[in-house]
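From first to last, the protein sequence lines are chains A and B.
Take 766 as the starting number for the first sequence in the working numbering and just add one per residue.
Take 277 as the starting number for the second sequence in the working numbering and just add one per residue.
Every residue gets a Cβ at the ideal spot worked out from N, C-alpha and C, and that includes glycine.
Source: prediction; values computed, not measured.
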Amino acid sequence: MNENKQNTTQQVPSLSGRAREGLALKICGMKYQDNIEQVAALQPDYLGFIFYKKTPRHFDTKIPDIPNSIKKTGVFVNEDLNTIIKKVNEFKLQAVQLHGEEAPYYCNMLRTTTLLSSPVEVIKVFSVKEGFNFDVLKEYEAVCDYFLFDTKGKLPGGNGYTFDWSLLNDYPSTKPFFLSGGIGLDQVEDIKKFKESKAAKYCYALDVNSKFETEPGLKKISILREFKNKLNNKEMQQYNVDEKGYYGEFGGAFIPEMLYPNVEELRQNYLKIMAEPDFQKEFDQLLKDYVGRPSPLYFAKRLSEKYNTKIYLKREDLNHTGAHKINNTIGQILMAKRLGKHRIIAETGAGQHGVATATVCALMGLECIVYMGEIDIARQAPNVARMKMLGAKVVPALSGSRTLKDATNEAIRDWINNPIDTHYIIGSAIGPHPYPDMVTRFQSVISEEIKWQLREHEGRENPDYVAACIGGGSNAAGTYYHFLHDEDVKIIAVEAAGLGVDSGESAATSVLGKEGIIHGCKTLLMQTQDGQITEPYSISAGLDYPGVGPMHAHLAKTGRAEFLSITDDEAMKAGLELCELEGIIPAIESSHALAIFKEKQFKPDDVVVMSLSGRGDKDLQNYIDYFKI
Amino acid sequence: MNRIQTKLQEDKKLLSIYFTAGYPNIDDTVKIIQDLEKNGVDMIEIGLPFSDPLADGPTIQDSSTKALKNGMTTELLFNQIKDIRASVKIPLIIMGYFNPMFQYGVEVFCKKCQDIGIDGLIIPDLPVDVYHEEYQAIFEKYNLANIFLITPQTSDERIKYIDSISNGFIYMVSSASTTGAKSGFGDEQTQYFKRIDDLNLKNPQIVGFGISNNDTFTQATKYAKGAIIGSAFVKHVTNKGVDTIDKFVASVLN
């Protein structure tokens, strides 16, 4: 009777009564304030804090405010009972996980003591290996709420590898348990199989830790998110790239055989390299210390008042080098180094990607060659000078129309001629697979930050709309990435209409383009009836690309994103308006996105997050000429 | 057996010449084809110009840009050569990038080729696996050989795969480069030619890229069945026009 009473007061969830679809998730080994908040935004069921001193994940600071629905769990190893009680009261822990040789009476005392300010769930850990005797569980049945099965290793927990889960086929109890030990993104398929097996009948939760870290105690949010989504089958592959490199019917790798070894090497390695903790750590560190991330999510109050809705600007313009481009070049230069490449090539239109590439090459001490159309070199002298100061060689593209697409052709030709030592840093979410996906993943830090930043501002991580301008579409891809499968978030893509969609001087690919092949991928593409690629026009040098990334082509075709076209005039006015209302001079690319508020009516309580992809310094001359300043 | 396969069985080293259709003048196409055959060329690659020819160097890119400015289109090319089989017997191959064919409709394009008497296609940016999965059946239906490229970086395993789905010859790119980038061969190329020769593939190999004269033709065909000249011929018609094709061919063969 006594036990029943205990259970009622502690509100222990019963297996049958659980409304959840899948397994609960416990993320253990939390250490750093910001990281705790970001992980909490993923809404796991438990967060674990390790109070055992002999581990690098030892927790000794404060727990920030996190929702009550996430159970704060203290992890202890053969700890003095009074210490546990003190910690539970101090940190308002809702669960206690016992990792040592704690005896049943000890567990029971924890459940019955009146010294706790509120009762806790007791989770008792057992390390499992072949020959594990399940009989030991018997005397714990009545005195704890859950079992947790971990891999038997040298250390108490955190050994980083899995045990043979089929051993649980012999599980004799009905007590719900946590499955733990070395679970990572690689195990998703195994977990799904396990869930179907007899052994999983009483499995209540998964416990993850070291496989999601860039260093002990520091969790990698994007990988955790991917894990959680995959477990819940949320990632329906609907908008993500498939194994062959396609987004629906778009994408692929339409490349000459001369490029095959290079592209194939990248395809086979990019995900593996990106998942390496060392890589993530270096990438994150550089984004933080060198680029200046996270970039602010700024509530644009006066702009919001004017359009009677809630507008947040994701300030990519505040990044080092003045735009989102650097997120990708940092990622790719680290990728190139790990692939053993020491010569870097890139294409550039307005020069922003060229500058971002020259910057990271200087940072890493690698040779840098940037191809740029002869006409663009003349138009963008300051960026040419920047690249040269940063040590890059700027090679004019003299063929074809002598602009961005020809610079891209020249870069591809260079790569064909230098197949061994050279990496090609493509600047947008275009090109042969795996480029669109790789660039998108590097840029996805934008939406990753938006999620937790918006939670701070609005108490929810999903806005009603995300919006971004699209040339090739890398800033847009990064802005949308973590919202693609959140159907409550509407996606807006803004293209450059130039002098007007029907004027013959436009870059509105989703309207004017047809399915075709450009620069190695199948996508929507502006072309003649005969399949010759045409030259687009926009006042914005970053948006006048004749194609659009294959992911965006798929978003357009499926209707997942709403595509709007904005003319030169509309964009320039919107740019000036932001200067006047918010004190921010935007890049003309970003001004296109800002112009949608005149096009489209939003509700007063709509939250619209817009990527302010770049700053307007580079466009000053265009603004001066346009407004006769 | 189509004309390519028959030609490959002849006991001689083959010379194949590439030219860009519509260049230097829009109506040169038929004359160039006829003159090449008359002067002893074994096979011809008719270049269908494309705005963004990734695998080509400046010479062929420029000729393509000019040809497009001259007004060359897929339809026009087909019209120009619709009666070509009345006068020309050697194998004719169309070399072009995938997008114009894709826009024309791959099946319609192939059918048109068969109607005219085109024997094969070289499409550098149509990858082997996409061809195999989506288009091989169409090519075979219209009796067209699809010619694939291999390079010094292509693995033996991949070469064998390419060999297994080829039904004409294998286009052996001499070095890691675009067209017209290099001239002459070193030890590296010779070793590569020999390595491929030793694989004993079912399809003969014809070397392309870097062949411009009698010397390089002789070197290239030491281990291979034949060689293709592109940029050097395009340069010749740029500089000398289309009336001295006999001299160019003679300089290569003798």
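Distances from the CA of B:Pro325 to each of B:Pro400, B:Lys516, B:Asp522 were compared; the closest alpha carbon is that of B:Pro400.
The C-beta of B:Phe295 comes no closer than 9 Å to any C-beta of chain A. Interface annotation, B:Met371: not in contact with chain A, CB-CB separation never under 9 Å. Annotation: A:Ile1177 to A:Ser1164 spans about 13 Å, alpha carbon to alpha carbon. At a cut-off of 9 Å between beta-carbon atoms, B:Thr341 makes contact with chain A. For A:Leu1329, the closest C-alpha among the options A:Ala1306, A:Ser1303, A:Glu1347, A:Glu1364 is that of A:Glu1364.
Residues of chain B with a Cβ closer than 7 Å to the Cβ of A:Ile1020 are, in chain order, Asp401, Pro403.
Between A:Asp1382 and A:Ile1350, the alpha-carbon positions lie close to 7 Å from each other.
Proximity to B:Ser442 across B:Ser451, B:Ile426, B:Asn346, B:Thr455 peaks at B:Ile426, based on C-alpha coordinates. Using a CB distance below 9 Å, the part of the region 1157-1170 of chain A facing chain B consists of Leu1163, Ser1164, Gly1165, Ser1166, Lys1170, ordered along the chain.
Contacts between A:Gly1281 and chain B, judged by CB atoms closer than 7 Å, involve Asn375, Phe378, Gln379 in chain order. Under the 9 Å criterion on CB atoms, A:Asn1093 is classed as non-interfacial with respect to chain B. Interface with chain B (9 Å Cβ-Cβ cutoff): A:Tyr1310 is excluded. Interface annotation, B:Gly484: not in contact with chain A, CB-CB separation never under 9 Å. Using a Cβ distance threshold of 9 Å, A:Ala1358 and A:Ser1376 count as a contacting pair. The criterion of a C-beta distance shorter than 9 Å is not satisfied by A:Ile1091 and A:His1188. Separation of A:Tyr1012 and B:Pro334 (C-alpha to C-alpha, rounded to the nearest whole angstrom) is 33 Å. Listed in chain order, the beta strand (DSSP E) runs fully inside the region 459-520 of chain B are 481-484, 502-505, counting runs of at least 3 residues. For the 9 Å CB-CB criterion, A:Val890 and A:Ala860 do not form a contact.
It is roughly 14 Å from the alpha-carbon of B:Asp287 to the alpha-carbon of B:Gln481.
Secondary structure note for A:Pro1184: it is in no beta strand (DSSP E), with a DSSP letter that is neither H nor E. When the beta-carbon positions are compared, A:Asn1093 and A:Phe1207 come within less than 9 Å of each other.
Annotation for A:Leu950: no alpha helix (DSSP H) segment contains it, and DSSP assigns it neither H nor E.
Of the residues A:Ser1305, A:Pro941, A:Lys958, the one whose Cα lies closest to the Cα of A:Leu902 is A:Pro941. Excluding its 5 nearest sequence neighbours in each direction, A:Ser945 has C-beta neighbours in its own chain below 7 Å: Leu913, Phe914, Asp915, Asp972, listed in chain order.
If the five residues before and after B:Thr497 are omitted, its C-beta is found closer than 6 Å to the C-beta atoms of Lys289, Ala503, all from its own chain and listed in chain order. Residue burial is scored here from C-beta neighbours: A:His1319 has at least 16 other C-beta atoms within 10 angstroms and is therefore classed as buried.
In terms of Cβ geometry, A:Pro1026 and A:Pro1201 do not form a close pair [threshold 9 Å].
In the DSSP assignment, A:Lys1383 falls outside any beta strand (DSSP E), carrying neither H nor E. The beta carbons of B:Glu321 and B:Ser292 sit closer together than 9 Å. When secondary structure is reduced to three states using DSSP, A:Cys909 falls in the coil class, being assigned neither helix nor strand.
Taking A:Ile1211 as reference, the option from A:Glu1132, A:Gly1057, A:Phe977 with the minimal CA-CA separation is A:Gly1057.
Using beta-carbon distances, B:Ile360 does not count as an interface residue toward chain A, since no partner is under 9 Å. Within its own chain, the residues whose Cβ lies closer than 7 Å to the Cβ of B:Tyr380, once the five positions on either side in sequence are excluded, are Thr350, listed in chain order. DSSP, reduced to helix, strand and coil, places A:Glu1260 within a strand of the structure shown.
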